[in-house]
Structures are given as C-alpha cells and as structure tokens.
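Student:
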Amino acid sequence: MDLGVLGKSKTVAPMLVKLYDTHKLYKLAGDKSGEAKSELAGVVSDLLRGDLNEREKDLVGDILVTLVRQAEKDLKMAIAERLALIDEAPSQLILELAYEEIEIAKTILSKSEVLDTLDLMYIINSKDAPYWRIIAARENIPGPIVKALSDLDDMPTLINLASNNYIQISESSMEALVKKACSNDELARPLLARKELSRKLAHHLYEHVGEALKSYIQENYSYEAPILLPEVNDVLLEFADDEHESANEEPKEEKVSEFLPTESMIASAYRMYERGFLTPVSMVEVLKRKQYQSFIAQMSVFSGLSSDLVLDILHQEKGHGLAIIARAHDIDRNSFIQIFLLTESFRDCNRVTETYAFNRAIGYYNRLTQDIAQGLLAELD
C-alpha cells in the first residue's frame, strides 16, 4: 500500500491522523459508549466525503477495510449506518460490510447506492434468505435483480418484493410471483394491489386462490368478513379476463348497467372517504387499472352525487359536468386531465371529436371558479 500518496495530500493526511487518534482513544476507553462509536464513525464518514481522487479513494478504502475487519460488532454497525448514505464510499469497503453478519450488513443492503447489479447478484448467490429479504425491500432494484429474487423460493423475500412500491416488476417476474402466489394468500394480497398485474394474471390468480383468500379473511377478520368478502370479489372480478366479459355480453343498449357499482363497492368508497384515503390521485390509479365500477362508486362518494348521475356526467361529450365536479371539490388540473382522458371509453367520440372535447373541457375547467362550480353542482344534484 503506497501511503506516501496520502501523506502528501493536504486534505487526507490530517483526516488520517484524526482517524488514528480517535480509533486509538476508542480502543483504550473502558466503556465503548455510543458517543465514542458515533465520533469514530463520523471521522470515517468525513474522510470519505473529502475531495479525493480515485487513487486516494482506493488507498483510503484499503485502510478502512483493515479498520473494519478489526472492529467489534457495534462499531461496524455504526460505521455501516454512516457509509450506507455516502454515494462516493469505496466499493471494497461497502462490499466488506455487505458480507458481514446480517445485523451489520442490513443498512448497507437496504440503502447503499454503491452496490451495483453484479454486487447484488453475487450477494444473492452467496448469502442466505435474510440477505435476500433486505435486498427485496430496497428502493432501487435493477430489473435483473428483481427477476433473480422472483425466482427464489423464500416466501418472505417474495412478499417483500411484491409489497415494494418503489420498483417496477416485469411481466416475466410477475408470472413467476403469481405462480407461487397460487398457493399462498399472503403473497397474493400485495400482488393484487400492483398496477403491473395484468387482467390475465389476475384472473389466473383468482381461479387458484379465490377460496383460500376468502377463508383467510374469514379467519382473521371475522368482524369485517360480511363486508370484505364481497369487496374482494368485486376487485377480483373487475379484473376478469376480456374473454369472460365478451362471452356474457349484453346488447349494447343495456350495457350502461355494467358500469354501475355494487353496494359493497360504494361501502368501500365510503370507508376510504372516512379514513382520508379517497383522493383524486387514488381515483386516477383505479382508472388506470380500468376498474370503472369502483371509480364511479368513489367519484359518487367524493362528489356527493348519485352513481347514475356520475355515469351520465361521464357520458357528456365535452366534459362540462366533470369540470364542474373537479372545480367544486378542488381537484387539481393535472388530476382532472388524467380523469378526463382515462374516461374516454364512456364518450362516443372519434379521435377528432375527442381532441375537440378535450380542449373544450380544459377551457371550461380553467374559466370556472370554485364558488360558481359549487353552485352549478347543487343544481345538478
């Protein structure tokens, strides 16, 4: 190790001296207090945040790896917590901590951006389930790592992955997860809430675990079971395969009723509203999943209008009624635009007239004030 390079550095040399002194005092101290650990970890952190060139960074990394190998568990944990948040930390030091026992490694595995795809793949292949579970909950997981995790047979890892709202899960990874969820309700539940779940996979999941999922709810939520059982059916059946829908399709003039929500959907919307979960953003997400009945139920509760009236408003070609609801209930412009575009299937328009209707709807929304909209809404009801 060429320490001469570091000795010549005006930035690094004083920090190394401080590191040496702090570590020496820490080792001599009778009680390894939290303050002492924090101070030493802080020196390590400051050293790595310095303006180092690549050669200096490598040499400092080697020194710190040696320190970490000699350190006791609590000190390693303190250092790991600091280094996990430093993007410029030397990779050899981060990897040294990532391969430590799980109590030390978990902060690095969950937060460090230094770990790349290859690093994470090696850790998955060389370590056991506790390491996989932490990686599956990371905010940033590359696609190949998501696929590798989805192919594992550790259920807590799969549940963490399915519950991770910061990541995107590819179709092939979703297929692997759904296959395993067919025999596990605990994995099925977070999968059903993911926007990547296709109608086909949702229908496949329902066919295999529908009854088991209902049994689980009855056993664990007996008080709410009469409410939740039809609600689960509603959500799953809204994702039914298009082929099932077309097989039982009614004549076109009678199809309006297929958009009207069930009583349990309306009850669910009221519960969301009472708990503060019913928002324009949540309604947009429902529309993105093409759960039109649930959307109408939620818009009905949100606006205080009947489901039939909401459905009539959605059929309006120029979107005036929707603009009135949006302004009256303080729905922001971006959410209004998304709702208007995602409800296109309710309007009998071609591409040209839809563009014209969009411009008219936006213009009307922009001109309305909340007071005027509330007055108009009272007349609609």
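Each residue of the sequence shown is one higher than the one before, counting from 5 in the numbering used here. Think of the CB as a built atom: it goes at the ideal place given N, C-alpha and C, for glycine as much as any other residue. Nothing here was measured: the structure is a model prediction, and the numbers come from that model.
(1) Is PRO284 near ILE335, with beta carbons less than 7 Å apart?
(2) State the Cα-Cα distance for the pair ASP158 and ALA133, rounded to the nearest angstrom.
(3) Check GLN222 in the structure and name its three-state DSSP category.
(4) For THR373 and ALA180, I'd like the C-alpha separation in whole angstroms.
(5) Spatial neighbours of ALA102 within its chain, please: C-beta separation below 8 Å, excluding the five flanking residues on both sides.
(6) Using three-state DSSP, classify GLU342 as helix, strand or coil.
(7) Between LEU32 and the rest of its own chain, which residues show a CB-CB distance below 8 Å, the 5 nearest in sequence each way excluded?
(8) Does the beta-carbon distance from PRO160 to THR121 come in below 7 Å?
(9) Quick one, which of ASP78, ILE98, LYS77 has its alpha-carbon nearest LEU87's?
(10) What would DSSP say about ALA192, mapped onto helix, strand or coil?
(11) Of all the alpha helix (DSSP H) runs that stay within the bounds of the segment 262-302, which reach a length of 4 or more residues?
(12) Compare the beta carbon distance of SER202 and SER177 with 7 Å and say whether it is the shorter of the two.
(13) Consult DSSP for ARG86 and reduce its assignment to one of helix, strand or coil.
(14) When we look at the beta-carbon of PHE386 and count the other beta-carbons within 10 Å, is it buried (16 or more) or exposed?
(15) In three-state DSSP terms, what is ILE376?
(16) Classify GLU257 as helix, strand or coil using the three-state DSSP reduction.
(17) Considering only the alpha carbon of each residue, which of VAL69, GLU348, SER349 lies closest to GLU104?
(18) Alpha carbon to alpha carbon, how far is ALA152 from PHE344? Give it in angstroms, no decimals.
(19) With H, G and I counted as helix, E and B as strand and the rest as coil, what does DSSP make of ILE366?
(20) Where does the unbroken alpha helix (DSSP H) through ILE112 begin, and where does it stop?
(21) To the nearest angstrom, how far is the alpha carbon of ALA271 from that of SER311?
(22) Could you tell me which of ALA84, LEU89, GLN96, MET125 sits nearest to ILE106, measuring between CA atoms?
(23) How long is the line joining the alpha carbons of ILE173 and ARG198, rounded to whole angstroms?
(24) Give the DSSP-derived three-state secondary structure of GLU175 in the structure shown.
(25) Should ILE171 and ILE145 be called a contact, given that it needs their Cβ atoms to be closer than 7 Å?
(26) Between LEU195 and ALA166, is the Cβ-Cβ spacing less than 7 Å?
(27) Should ALA327 go down as buried or exposed, given a rule of 16 or more other Cβ atoms within 10 Å for buried?
(28) Could you name the residues of the same chain whose beta carbon sits closer than 7 Å to that of ALA377, not counting the 5 residues immediately before and after it, in chain order?
(29) Look up GLU58 in the DSSP assignment and say whether it is helix, strand or coil.
(30) With H, G and I counted as helix, E and B as strand and the rest as coil, what does DSSP make of LEU101?
Tutor: This is what the structure gives:
(1) Walking along the sequence shown from the start, residue 284 turns up at place 280. Walking along the sequence shown from the start, residue 335 turns up at place 331. Their beta carbons are under 7 Å apart, which means PRO284 touches ILE335 by this criterion.
(2) On the sequence shown, residue 158 is found 154 positions in, with the first residue counted as 1. On the sequence shown, residue 133 is found 129 positions in, with the first residue counted as 1. Answer to the nearest angstrom: the Cα atoms are 7 Å apart.
(3) As a working mapping, residue 222 is identified with position 218 in the sequence shown. Low confidence applies to GLN222: its pLDDT is 47, below 50, so where it sits in the model is not reliable, and the reading given next is rough at best. In this structure, GLN222 counts as helix in the three-state DSSP scheme.
(4) Position 369 of the sequence shown holds residue 373. Position 176 of the sequence shown holds residue 180. THR373 and ALA180: Cα-Cα distance of roughly 50 Å.
(5) The residue you call residue 102 lines up with position 98 of the sequence shown. The residues ALA109, ILE112, LEU113, SER116, LEU119, ASP123, ILE127, in chain order, have a CB closer than 8 Å to that of ALA102 in the same chain once the five nearest residues on each side in sequence are set aside.
(6) For the purposes of this step, residue 342 is taken as residue 338 along the sequence shown, with counting starting at 1. It should be pointed out that residue 342 corresponds to Gln in this sequence rather than to Glu. DSSP, read as helix, strand or coil, puts GLN342 in helix.
(7) Taking the first residue of the sequence shown as position 1, residue 32 is located at position 28. Confidence is the limiting factor: at LEU32 the pLDDT is only 39, short of 50, which leaves the residue's position unreliable and the question unanswerable from this model.
(8) Translated into the one-based positions of the sequence shown, residue 160 becomes position 156. Translated into the one-based positions of the sequence shown, residue 121 becomes position 117. Going by C-beta atoms, PRO160 is not nearer than 7 Å to THR121.
(9) Locating residue 87 in the sequence shown gives position 83, counting from the first residue. Relative to LEU87, the option among ASP78, ILE98, LYS77 whose CA is nearest is ILE98.
(10) For the purposes of this step, residue 192 is taken as the residue at position 188 of the sequence shown. Correct three-state label for ALA192: helix.
(11) Qualifying alpha helix (DSSP H) stretches, in chain order: 267-278, 284-292.
(12) By one-based count along the sequence shown, residue 202 stands at place 198. By one-based count along the sequence shown, residue 177 stands at place 173. Cβ distance not < 7 Å, so SER202 and SER177 don't count as in contact.
(13) In the sequence shown, residue 86 corresponds to position 82, counting from 1. Helix.
(14) Since the displayed the chain opens at 5 and closes at 385, residue 386 lies outside it and no answer follows.
(15) The residue labelled residue 376 in the question sits at position 372 within the sequence shown. ILE376 falls in the helix class under three-state DSSP.
(16) Along the sequence shown, one-based indexing puts residue 257 at 253. The pLDDT assigned to GLU257 is 44, lower than 50, so where the model puts this residue is not dependable; a value taken from the coordinates is nonetheless given after this. DSSP places GLU257 in helix when its eight states are reduced to three.
(17) As a working mapping, residue 104 is identified with position 100 in the sequence shown. The candidate whose alpha carbon is nearest that of GLU104 is VAL69.
(18) Within the sequence shown, residue 344 is the residue found at index 340, counting from 1. Within the sequence shown, residue 152 is the residue found at index 148, counting from 1. Near 39 Å, if we compare the C-alpha coordinates of ALA152 and PHE344.
(19) Position 362 of the sequence shown, counting from 1, holds the residue named residue 366. ILE366 falls in the helix class under three-state DSSP.
(20) Indexing the sequence shown from 1 puts residue 112 at position 108. From DSSP, the alpha helix (DSSP H) with ILE112 extends over 106-115.
(21) Position 267 of the sequence shown, counted from the start, is the residue given in the question as residue 271. Position 307 of the sequence shown, counted from the start, is the residue given in the question as residue 311. Going by the C-alpha atoms only, they are around 13 Å apart.
(22) Taking the sequence shown and counting its residues from 1, one reaches residue 106 at position 102. Comparing alpha-carbon positions, the option among ALA84, LEU89, GLN96, MET125 lying closest to ILE106 turns out to be ALA84.
(23) Locating residue 173 in the sequence shown gives position 169, counting from the first residue. Locating residue 198 in the sequence shown gives position 194, counting from the first residue. Whole-angstrom Cα-Cα distance: 9 Å.
(24) Here the question's residue 175 lines up with position 171 in the sequence shown. Residue state, collapsed to three classes: helix.
(25) Against the sequence shown, residue 171 aligns to sequence position 167. Against the sequence shown, residue 145 aligns to sequence position 141. For ILE171 and ILE145, yes; Cβs fall inside 7 Å.
(26) Here residue 195 corresponds to residue number 191 of the sequence shown, with the count starting at 1. Here residue 166 corresponds to residue number 162 of the sequence shown, with the count starting at 1. Yes. Within cutoff.
(27) Here the question's residue 327 lines up with position 323 in the sequence shown. With 16 or more other Cβ atoms within 10 Å, it is buried.
(28) Locating residue 377 in the sequence shown gives position 373, counting from the first residue. Counting only Cβ-Cβ distances below 7 Å, and skipping sequence neighbours, we find ILE328, ARG331, ALA332.
(29) On the sequence shown, residue 58 is found 54 positions in, with the first residue counted as 1. In this structure, GLU58 counts as helix in the three-state DSSP scheme.
(30) As a first step, residue 101 is located in the sequence shown; it is residue number 97 there, counting from the start. If DSSP states are grouped into helix, strand and coil, LEU101 belongs with the helices.
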